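A.B. asks: Residue numbers (my numbering): 93 to 800. Note that the Cβ used here is the ideal one computed from N, Cα and C, for glycine as well. Every value quoted in this text rests on a predicted model; they were computed, and no experiment measured them. Have a look at this one.
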């Protein structure tokens with residue numbers, strides 16, 4: 093790091109020009125990223141439901157509608173009166189967009205016709221099945237809506253493509269709002285933290301560069317794989333948040349070095365050798381945490397990992413290139429650290445209290461965290477559906493009305509019945525399957541909808557909305573049935589796909605956790621030359637996770653504070669849970685690295701365990717608290733979104749940051765390090781940690797400065 097720092101500060105303007113050029117190119121390249129991301133990618137492609145849907149689509153066409161238009165007859169007119177208008181509207185749809193002809197109340201025959209009309213004979217539905225992959229079907233929605241919109245006739249839209257478009261548009265709007273609110277507030281807080289505008293502006297500038305660069309990186313990734321629209325939000329959130337955090341740590345350390353009497357070039361070298369090295373390890377830990385998302389088959393989760401990794405990598409790279417160069421140019425105007433004696437004394441008293449009663453503090457804080465985690469026993473996982481939209485939203489109310497009045501227009505459950513001997517099932521077996529499936533609670537009716545080769549396709553109309561808890565319970569009950577002798581039953585449809593997606597996430601979660609733990613232990617062992625500290629760091633991360641998810645379950649599943657927060661209680665979206673696990677685990681170990689680095693540095697300089705704990709905690713308490721506050725401001729802006737997934741992320745981050753930066757980092761970690769004593773520094777092949785060789789390399793050049 094010292095060699096790199098010397099290179100950067102020797103030609104700061106050249107470095108900044110190169111960085112500006114690269115980020116400009118990435119920003120221009122990523123200008124159309126929002127148009128290339130997908131609202132799909134939630135399906136596990138090798139699951140039973142995916143295989144069934146592909147099989148049925150290949151032979152009979154798609155069974156899951158993409159767009160559903162609900163028409164209401166104007167006053168004084170009947171549904172039959174507006175039939176010709178509907179026919180002309182359907183005819184305006186480009187044939188290339190359709191996977192099969194549009195089904196409407198007006199062109200259908202019994203028994204389907206009766207399901208496409210409301211009981212009061214005032215509303216009827218048109219069901220559209222689109223061609224192409226998820227992304228193409230979603231992008232076709234505006235054209236479908238324009239074609240089916242009829243002047244003078246009230247029409248409302250629902251279906252997969254309509255819902256995805258609504259959620260995507262809202263998430264893009266929320267990102268703009270979140271950044272427009274969080275940026276000025278963050279800058280103001282940094283001015284208060286640093287006591288000057290120049291020092292405050294540096295981390296924000298790096299954060300903005302990281303956001304532009306991350307969008308360009310995501311745009312490049314869209315050329316190779318499907319990228320979710322939520323990946324843009326995550327890349328922006330993490331790019332801005334982590335760059336500001338890293339900048340805060342670097343600038344704070346730089347000002348400490350200046351306050352110790354070192355000239356600007358040497359202060360930069362020492363900053364890079366200490367805080368810079370820590371940032372590099374921190375970024376590696378976060379990257380490893382997000383790499384765990386690659387264990388999942390869902391494209392949306394992998395793309396979230398890609399976006400997060402791109403953002404963190406760029407945040408770290410820019411913090412270690414652009415920021416040292418900026419410090420070389422403006423370091424004299426940044427000023428020295430102005431931490432007041434009152435602040436030092438405050439944290440000193442806190443640490444002294446912990447050191448006097450480490451056992452009591454550890455037990456009390458541990459008990460509090462476990463108490464926060466208790467609601468986890470009621471955790472239920474699901475997927476994103478219409479409840480992601482706020483109550484009263486037109487799209488959400490349309491979906492709910494659709495379920496109640498037009499069950500045939502919903503996806504329901506698709507069942508494939510085939511003979512185990514390779515022959516088509518007999519009529520008696522088909523009739524038996526229809527009877528047994530129709531008797532399942534939550535199933536309104538089952539009908540045969542087609543036959544191809546050696547299988548028969550049945551469709552189950554459900555009483556509940558697709559992907560709801562009642563619908564998933566019906567799918568589980570269907571799958572629990574024993575098929576007629578000599579046959580096998582397999583199930584597809586949107587609800588079955590949700591069940592399979594959640595099951596695959598739960599099944600792969602241990603692999604993700606194992607990868608994160610292994611990477612963390614290896615990297616922290618290399619960083620701290622201790623095997624005990626990495627294991628403790630992992631344990632602290634899991635405690636933070638448990639407490640965070642306990643509170644999230646209490647709010648989003650159990651419904652506490654649902655009214656004030658404007659959310660609808662329900663299952664926790666499994667994909668959002670994976671994201672929070674990666675983010676919270678990564679940030680928890682991130683703050684652990686900054687705290688323990690100062691302790692290890694003090695220990696390597698000759699301090700005993702108690703002194704190392706006090707020095708490390710007091711020196712980092714203010715900056716960790718400030719970093720957590722800044723991330724709360726950046727991520728907390730997402731709580732203003734009406735979308736439940738965005739609020740879940742925002743509230744989850746706030747809970748995790750508050751818990752981790754206070755209870756865990758400032759109380760529990762110092763208490764445990766004190767209790768473990770000399771065992772903290774144990775490593776089988778080393779007697780004690782050694783001082784950073786790079787910092788030692790700087791020392792000979794700075795002895796005179798240090799005594800100034």
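Would you kindly work out how many angstroms separate the C-alpha atoms of residue 612 and residue 641, rounded to a whole number?
C.D. replies: Between residue 612 and residue 641, the C-alpha separation is close to 21 Å.
A.B. asks: Check residue 224 in the structure and name its three-state DSSP category.
C.D. replies: Here residue 224 sits in coil by DSSP.
A.B. asks: How big is the Cα-Cα spacing for residue 408 and residue 390?
C.D. replies: One C-alpha to the other measures close to 28 Å.
A.B. asks: On the DSSP letters alone, give me the boundaries of the beta strand (DSSP E) that residue 191 sits inside.
C.D. replies: Counting along the chain, the beta strand (DSSP E) containing residue 191 begins and ends at 190–196.
A.B. asks: Could you check where the alpha helix (DSSP H) with residue 510 kicks off and where it finishes?
C.D. replies: Element bounds for residue 510: not the alpha helix (DSSP H) but the beta strand (DSSP E), 505–511.
A.B. asks: Measuring straight from C-alpha to C-alpha, what distance separates residue 208 and residue 218?
C.D. replies: Spanning the two alpha carbons is a distance of roughly 8 Å.
A.B. asks: Round the Cβ separation of residue 755 and residue 461 to the nearest angstrom and send it over; I've been treating them as touching at under 8 Å.
C.D. replies: The pair is a contact, with the Cβ atoms about 6 Å apart (cut-off 8 Å).
A.B. asks: What residue does the beta strand (DSSP E) around residue 249 start on, and which one ends it?
C.D. replies: That run of the beta strand (DSSP E) goes 246–250.
A.B. asks: Go ahead and pull the three-state DSSP assignment for residue 580.
C.D. replies: Residue state, collapsed to three classes: strand.
A.B. asks: Considering just the uninterrupted stretch of the alpha helix (DSSP H) at residue 143, what are its terminal residues?
C.D. replies: Unbroken alpha helix (DSSP H) run through residue 143: 140–152.
A.B. asks: Can you list, in chain order, the residues of its chain with a C-beta nearer than 6 Å to that of residue 198? Leave out the 5 residues immediately preceding and following it.
C.D. replies: 175 and 178.
A.B. asks: List the DSSP bridge partners of residue 542.
C.D. replies: Note: residue 542 sits in a beta bridge opposite 549.
A.B. asks: Whether or not the segment 674–693 and the segment 237–248 are in contact is what I'm after, with contact meaning three or more pairs of Cβ atoms, one per stretch, closer than 8 Å; do they touch?
C.D. replies: Result no; under three Cβ-Cβ pairs closer than 8 Å.
A.B. asks: If you measure between the beta carbons of residue 549 and residue 542, is that distance less than 8 Å?
C.D. replies: In this structure, residue 542 lies closer than 8 Å to residue 549 by Cβ.
A.B. asks: Quick check on this structure: which residue in 186, 735, 766 and 761 has the alpha carbon closest to the alpha carbon of residue 255?
C.D. replies: Selected option, being the one with the closest Cα: 735.
A.B. asks: Looking at C-beta atoms only, is the number of pairs between the segment 511–528 and the segment 113–124 that lie closer than 8 Å three or more?
C.D. replies: No contact exists between the segment 511–528 and the segment 113–124.
A.B. asks: From the DSSP output, read off the bridge partner residues of residue 320.
C.D. replies: Note: residue 320 sits in a beta bridge opposite 130.
A.B. asks: If you draw a straight line from the C-alpha of residue 766 to the C-alpha of residue 725, how long is it?
C.D. replies: If you take the alpha carbons of residue 766 and residue 725, they lie about 32 Å apart.
A.B. asks: Assign residue 470 to one of three DSSP states: helix, strand, or coil.
C.D. replies: Here residue 470 sits in helix by DSSP.
A.B. asks: How is residue 690 classed by DSSP in three states: helix, strand or coil?
C.D. replies: Reduced to three states, the DSSP call for residue 690 is helix.
A.B. asks: Roughly how many angstroms lie between the CA atoms of residue 715 and residue 260, to the nearest whole one?
C.D. replies: Between residue 715 and residue 260, the C-alpha separation is close to 36 Å.
A.B. asks: Per DSSP, what kind of secondary structure is residue 781 in: helix, strand or coil?
C.D. replies: Only weak support is given to the placement of residue 781: the predicted model assigns it a pLDDT of 47, under 50, and the value that follows is read from those uncertain coordinates. Of the three classes helix, strand and coil, the one that applies to residue 781 here is coil, per DSSP.
A.B. asks: I need the straight-line Cα distance from residue 386 to residue 394, nearest angstrom please.
C.D. replies: Distance between the alpha carbons of residue 386 and residue 394: 5 Å.
A.B. asks: Please report the straight-line C-alpha distance between residue 232 and residue 369, rounded to a whole angstrom.
C.D. replies: If I take the Cα positions, the gap works out to 48 Å.
A.B. asks: Count the C-beta pairs between the segment 275–283 and the segment 93–111 that are closer than 8 Å, then say yes if the count reaches three, no if not.
C.D. replies: No, because fewer than three Cβ pairs between the segment 275–283 and the segment 93–111 fall closer than 8 Å, the two stretches do not touch.
A.B. asks: Can you find the residues in the same chain that come closer than 8 Å, C-beta to C-beta, to residue 746, ignoring five residues on each side of it along the sequence?
C.D. replies: For residue 746, where only same-chain residues beyond five positions count, the Cβ hits under 8 Å are 724, 727, 728 and 731.
A.B. asks: At a cut of 8 Å, does the segment 467–476 reach the segment 635–650 through at least three beta carbon pairs?
C.D. replies: Flag = yes, the segment 467–476 and the segment 635–650 touch.
A.B. asks: CA-CA distance, residue 799 and residue 352?
C.D. replies: With a pLDDT of only 31 at residue 799, under the threshold of 50, the placement of this residue in the model should not be trusted; the figure read from the coordinates follows. Cα to Cα, residue 799 sits roughly 8 Å from residue 352.
A.B. asks: At the level of alpha carbons, what is the spacing between residue 295 and residue 275?
C.D. replies: Residue 295 and residue 275: Cα-Cα distance of roughly 11 Å.
A.B. asks: For residue 497, does the count of other Cβ atoms within 10 angstroms reach 16, so buried, or fall short, so exposed?
C.D. replies: By the neighbour-count rule (16 or more Cβ atoms within 10 Å), residue 497 is buried.
A.B. asks: From residue 696 to residue 134, what distance separates their C-alpha atoms?
C.D. replies: Distance between the alpha carbons of residue 696 and residue 134 is about 49 Å.
A.B. asks: For the beta strand (DSSP E) that residue 161 lies in, which residues bound it at each end?
C.D. replies: Here the beta strand (DSSP E) through residue 161 covers 159–164.
A.B. asks: Following the continuous alpha helix (DSSP H) through residue 711, name the residue where it begins and the one where it ends.
C.D. replies: Counting along the chain, the alpha helix (DSSP H) containing residue 711 begins and ends at 701–728.
A.B. asks: For residue 103, does the three-state DSSP call read helix, strand or coil?
C.D. replies: Reduced to three states, the DSSP call for residue 103 is coil.
A.B. asks: In terms of DSSP beta bridges, what is residue 621 paired with?
C.D. replies: Residue 621 is not bridged to any residue.
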